[in-house]
Structure formats: C-alpha cells, structure tokens
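Student: Below you will find the structure I want to go over with you.
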Amino acid sequence: RSDSYVFENCTSLTEITLPGSIGFLVEGLFFNCTSLTDVTISDSTTAHGPSVFEGCESLARVTIPDSVTNIYVRAFEGCSALSDVYYTGSQTKWESVTIGNNNEALQQATIHYLADTPPCIVSVTSIGDGMGSIAPVYGGGSYCLGDRVTVGATNISGFTFLGWYIDNTEVSTELEYTFTVQGDTEL
31 RSDSYVFENC TSLTEITLPG SIGFLVEGLF FNCTSLTDVT ISDSTTAHGP
81 SVFEGCESLA RVTIPDSVTN IYVRAFEGCS ALSDVYYTGS QTKWESVTIG
131 NNNEALQQAT IHYLADTPPC IVSVTSIGDG MGSIAPVYGG GSYCLGDRVT
181 VGATNISGFT FLGWYIDNTE VSTELEYTFT VQGDTEL
C-alpha cells in the first residue's frame, strides 16, 4: 500500500506496470497524470480507491486483473481517452465487480475479457538478403490480447536492418519494437 496522491500531477509518467506488492490502489494515486497512456495492474490488487486515475486524460488502455472486486467512485473520472480495458477474467466475473459512481469512461470503454479470448500468435520473420543469410529475430510466440510485447532483431555485421512491418506498413525502424497485442500479428 502506498500514500494517497503520491504521483499526483506527474506529467512525465506515460506507462506503468504496478508490482505485485500493491493490493489496494489508494485514493488519488495517479491523480491528474495527464500523459499516462497505459497501465497494467498487478494480479494481487483487489480494489481501486477513489480518484486513483482521475484526470488522466490520455489514459487509453488499462489491464485489470480478475482479483479486483471493487472500483471506487471517480477512479476513472476524466479519463476521456480510455478506449480499451483488458480484464483477465471472464465477462461473468467482470459483471460481479462493484463499480462506484462517476466511472463513465470505464463503463463506456471496450472491455476485452481475456479469460474468454483465445491466445494471439505473434510471428516474427527476417527477410534474407537473397543469398541465404538471415539476421536472427526474437519475440514471437503466443500472447494474450492486450499484452505488451517486444520483438527484436539482432544487429549483426554484414546485415542492414530495414525495419518492422505489419501488412507492408512500416511500424518501426528501431531494432526493438514494443506494441500492444490486438490480435494475431505478423511482423
């Protein structure tokens, strides 16, 4: 458990994964963190206190574990960008979560019930130089919808890394690329 409003107005905070040692998100923990876009809450968390994400106007994605049984008033008030909630339980279990008043952003977001969703496959492929040489890539595998995944290419002498592509569209030119799984993905 941490102090109330400990990260209040921390505008440089953009993403956070909360550790397993936090069982209750105290009042106003991330109040008015206007640059926060992505939050993953630990499996041991059971409740969100009042105003925990209030005013986080850029918060677009949040992963909520099925251990959460109560989301207090105004926990997501003013989170106007919230579009996707990844809930690790089933729809039936989500419907038993107590959600306090003034959480319209949470209630209007798309809820992805991960327990009801088959795994997503992330495939990574390196295209050779036409002479049989291929640079090693990593990060492919089976993931849950909403997982943050990092894929990478190994920088080897004699190879030129051109970038990461999805459906022939360049998404990154960095050796490592991190993204949120939205479904089966080929890079």
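For what it's worth, this note's numbering labels the leading residue of the sequence shown as 31, then goes sequentially. Glycine included, every Cβ here is placed at the ideal spot set by N, Cα and C. A quick note: this is a predicted structure, and the numbers were derived from the prediction, not measured.
Specify, as a first and last residue, the run of the alpha helix (DSSP H) that Thr122 falls within.
Tutor: 121–124
Student: Would you mind working out which of Asp96, Val69, Thr128, Thr99 sits nearest Cys109, comparing C-alpha positions?
Tutor: The option with the nearest alpha carbon to Cys109 is Val69.
Student: Report buried or exposed for Ser172, applying the criterion of at least 16 other Cβ atoms within 10 angstroms of its Cβ.
Tutor: Around the C-beta of Ser172, fewer than 16 other C-beta atoms lie within 10 Å, and the residue is accordingly described as exposed.
Student: What first and last residue would you give for the alpha helix (DSSP H) that runs through Ala135?
Tutor: Segment 134–138, the alpha helix (DSSP H) holding Ala135.
Student: With distance defined between alpha-carbon atoms, name the residue in Gly213, Asp197, Ile129, Ile196 nearest to Pro80.
Tutor: Ile129
Student: Is the CB-CB distance between Tyr117 and Trp124 below 8 angstroms?
Tutor: yes
Student: Please go through the same chain and pick out, in chain order, the residues whose beta-carbon is closer than 6 angstroms to the beta-carbon of Leu55, but skip the five residues on each side of it.
Tutor: His78, Gly79, Val82
Student: For Val201 and Ser88, what's the separation of their Cα atoms in angstroms?
Tutor: 21 angstroms
Student: Return the chain-ordered list of same chain residues with a C-beta closer than 8 angstroms to the C-beta of Tyr207, the five sequence neighbours on each side being excluded.
Tutor: Thr180, Val181, Gly182, Trp194, Val201, Leu217
Student: On a Cα-Cα basis, can you pick out the residue from Val167, Glu107, Ala145, Leu144 that is closest to Gln138?
Tutor: Ranking Val167, Glu107, Ala145, Leu144 by Cα distance to Gln138 puts Glu107 first.
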